[in-house]
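Working notes, structure below.
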Ligand SMILES: [Zn+2]
């Protein structure tokens, strides 16, 4: 499963990374369940690994229901 519903909208891995990063990544991996609860609302959190630049790999975390997000930077 790759595309997931986030805040009521179907998103691709690239779009999910863009929501967290603010810019479209060069590449993004499949969306996974982060197996954690959102610290803001307690709902499910998704994770996606992506490359914002050729030298960097970041994992982003994004709540499916609210605007909370974080990265492993
Ligand atoms: Zn949340």
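Residue numbers (full-length UniProt numbering): 1 to 73.
The beta carbon of each residue, even a glycine, is placed where N, CA and C say it ideally should be.
- Within the same chain, Cβ atoms closer than 6 Å to the Cβ of residue 40 are found at 66, 68, the five residues on either side in sequence being excluded.
- Secondary structure at residue 15: helix, using DSSP grouped into helix, strand and coil.
- Around the C-beta of residue 4, 16 or more other C-beta atoms lie within 10 Å, and the residue is accordingly described as buried.
- Residue 71 holds the alpha-carbon nearest to the alpha-carbon of residue 63 among 71, 56, 53.
- In this structure residue 31 is in contact with residue 2, their Cβ atoms being roughly 6 Å apart against a cut-off of 8 Å.
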